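Enquirer: Chains as they are written, first to last, in the numbering used here: chain A, 7 to 121; chain B, -13 to 97.
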Amino acid sequence: QQQVKQSPQSLIVQKGGISIINCAYENTAFDYFPWYQQFPGKGPALLIAIRPDVSEKKEGRFTISFNKSAKQFSLHIMDSQPGDSATYFCAASSYSGAGSYQLTFGKGTKLSVIP
Amino acid sequence: DSGVTQTPKHLITATGQRVTLRCSPRSGDLSVYWYQQSLDQGLQFLIQYYNGEERAKGNILERFSAQQFPDLHSELNLSSLELGDSALYFCASSAETGAAFFGQGTRLTVV
Chain A
7 QQQVKQSPQS
17 LIVQKGGISI
27 INCAYENTAF
37 DYFPWYQQFP
47 GKGPALLIAI
57 RPDVSEKKEG
67 RFTISFNKSA
77 KQFSLHIMDS
87 QPGDSATYFC
97 AASSYSGAGS
107 YQLTFGKGTK
117 LSVIP
Chain B
-13 DSGVTQTPKH
-3 LITATGQRVT
7 LRCSPRSGDL
17 SVYWYQQSLD
27 QGLQFLIQYY
37 NGEERAKGNI
47 LERFSAQQFP
57 DLHSELNLSS
67 LELGDSALYF
77 CASSAETGAA
87 FFGQGTRLTV
97 V
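(1) What first and last residue would you give for the beta strand (DSSP E) that runs through B:V(-10)?
(2) Which chain B residues are close to A:S106, counting only those with a beta carbon under 7 Å from its beta carbon?
(3) Identify the continuous beta strand (DSSP E) that holds B:Y19 and give its terminal residues.
(4) From the DSSP output, read off the bridge partner residues of B:H59.
(5) So, does the CB of B:L94 fall closer than 9 Å to a CB anywhere in chain A?
(6) Roughly how many whole angstroms lie between the Cα atoms of A:Q43 and A:A51?
(7) Taking Cβ to Cβ, would you say A:G49 is nearer than 9 Å to B:V96?
(8) Where does the unbroken beta strand (DSSP E) through A:L81 begin, and where does it stop?
(9) Looking at C-alpha atoms only, which residue of A:K116, A:P88 and A:A35 is the closest neighbour of A:C96?
(10) Does DSSP put B:G89 in a helix, in a strand, or in coil?
(11) Could you tell me whether the stretch 18 to 34 of chain A touches the stretch 76 to 85 of chain A, where touching means 3 or more Cβ pairs closer than 8 Å?
(12) Let me check one thing: in DSSP terms, what residues is B:K(-5) bridge-paired to?
(13) Three-state secondary structure (DSSP) at A:P88?
(14) Let me see if you follow: with CB-CB separation under 9 Å, is B:Y70 close to chain A or not?
(15) In whole angstroms, what is the alpha-carbon distance linking A:P40 and A:I54?
(16) Suppose the cutoff is 6 Å on Cβ atoms and the five residues either side in sequence are ignored; what does the same chain contact list for A:E62 look like?
(17) So B:D15 packs on B:S60, CB below 8 Å; how close in whole Å?
(18) Have a look at A:Y94 and A:G114 and give me their C-alpha separation to the nearest angstrom.
(19) Show which residues of chain A have a CB atom less than 9 Å away from the CB atom of B:A52.
(20) For a test of the three-state rule: what should DSSP assign to B:L67, helix, strand or coil?
(21) Would a check of beta-carbon distances place A:Y31 closer than 9 Å to chain B?
(22) Chain B partners of A:Y94, CB-CB under 8 Å?
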């Protein structure tokens, strides 16, 4: 019940194209859904996040779409650039009491944007 | 810069040895999480502390232990090291929003 399923495992997109990464969850207690971007040898960096009372959030070329009834959310990268080539992790967070949150990560998607 | 500091950045040690990884969370964050990431793998959750107390445990080996000190910094102790323990070890801290911020990691190489 604590799992977050992420797909695809890897993705190759042409420069200028749209990259789409999908995640699904089961636990309805999750109330915060962040996406992380990780370059090789670096720590994951918080990219964009959404709460379930919003169906879409956009920050620059990055958009999260959230479907509460289907328990799915996705990351769209518009006008993908070679510099976007990285591993992307979706995550889901639930409050575990006394100010503490529990984070569950998807297994990651390796994105390669080719010129 | 996430505000989470991990030391050392690199560590090379021999099998059977013991090492300590250190993490300083962002100012004001009470939660600290530890993750292990092997080559081209996902993030394996090890353990979470909140304000000095253990809150959640993941796939942490018995040879590994952690603690969070009163000043909120945390240490991950890895003992009886094996070749398979070679990995990137990340610490993250979170505020009371659910968002977690990661350090740059410690690359551990066991030879």
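Cβ coordinates follow ideal geometry from the N, Cα and C atoms, glycine included. A quick note: this is a predicted structure, and the numbers were derived from the prediction, not measured.
Expert: So, to answer that:
(1) Working through the second sequence from its first residue, we reach residue -10 of chain B at position 4. No beta strand (DSSP E) contains B:V(-10), which DSSP labels as neither H nor E.
(2) As a first step, residue 106 of chain A is located in the first sequence; it is residue number 100 there, counting from the start. The answer, in chain order, is S17, Y36 and R41.
(3) For the purposes of this step, residue 19 of chain B is identified with residue 33 of the second sequence, where counting begins at 1. B:Y19 -> beta strand (DSSP E) spans S17 to Q23.
(4) Here residue 59 of chain B refers to the residue found at position 73 of the second sequence. As computed with DSSP, B:H59 is found in no beta bridge at all.
(5) The sequence position of residue 94 of chain B within the second sequence is 108, counting from 1. It does not: the Cβ of B:L94 has no partner Cβ on chain A nearer than 9 Å.
(6) Walking along the first sequence from the start, residue 43 of chain A turns up at place 37. Walking along the first sequence from the start, residue 51 of chain A turns up at place 45. Approximately 5 Å, taken between the alpha carbons.
(7) For the purposes of this step, residue 49 of chain A is identified with residue 43 of the first sequence, where counting begins at 1. For the purposes of this step, residue 96 of chain B is identified with residue 110 of the second sequence, where counting begins at 1. If you check the CB distance, A:G49 and B:V96 do not come in under 9 Å.
(8) In the first sequence, residue 81 of chain A corresponds to position 75, counting from 1. Element bounds for A:L81: Q78 to I83.
(9) Residue numbering aside, residue 96 of chain A sits at position 90 when the first sequence is read from its first letter. Ranking A:K116, A:P88 and A:A35 by Cα distance to A:C96 puts A:K116 first.
(10) Working through the second sequence from its first residue, we reach residue 89 of chain B at position 103. Collapsing the DSSP output to three states places B:G89 in coil.
(11) Yes, since at least three Cβ pairs between the stretch 18 to 34 of chain A and the stretch 76 to 85 of chain A fall closer than 8 Å, the two stretches touch.
(12) As a position in the second sequence, residue -5 of chain B is number 9, starting the count at 1. DSSP lists no bridge partner for B:K(-5).
(13) Within the first sequence, residue 88 of chain A is the residue found at index 82, counting from 1. In the three-state scheme derived from DSSP, where H, G and I count as helix and E and B as strand, A:P88 is classed as helix.
(14) As a working mapping, residue 70 of chain B is identified with position 84 in the second sequence. Residue identity differs from the one stated: residue 70 of chain B is Gly in this sequence, not Tyr. B:G70 does not count as touching chain A.
(15) Translated into positions along the first sequence, residue 40 of chain A becomes position 34. Translated into positions along the first sequence, residue 54 of chain A becomes position 48. A:P40 and A:I54 have their C-alpha atoms spaced approximately 6 Å apart.
(16) Working through the first sequence from its first residue, we reach residue 62 of chain A at position 56. Excluding positions up to five away in sequence, the list reads S71.
(17) One-based indexing of the second sequence puts residue 15 of chain B at position 29. One-based indexing of the second sequence puts residue 60 of chain B at position 74. 11 Å between Cβ atoms; not a contact.
(18) In the first sequence, residue 94 of chain A corresponds to position 88, counting from 1. In the first sequence, residue 114 of chain A corresponds to position 108, counting from 1. Taking the straight line from one Cα to the other gives about 5 Å.
(19) Here residue 52 of chain B refers to the residue found at position 66 of the second sequence. Simply none; closest approach about 15 Å.
(20) Stepping through the second sequence from its first residue, residue 67 of chain B is reached at position 81. B:L67: coil per DSSP, three-state reduction.
(21) Numbered from 1 along the first sequence, position 25 holds the residue referred to as residue 31 of chain A. It does not; no Cβ of chain B falls within 9 Å.
(22) As a first step, residue 94 of chain A is located in the first sequence; it is residue number 88 there, counting from the start. Going along chain B, no residue has its Cβ under 8 Å from A:Y94, so there is no contact; the nearest lies around 11 Å.
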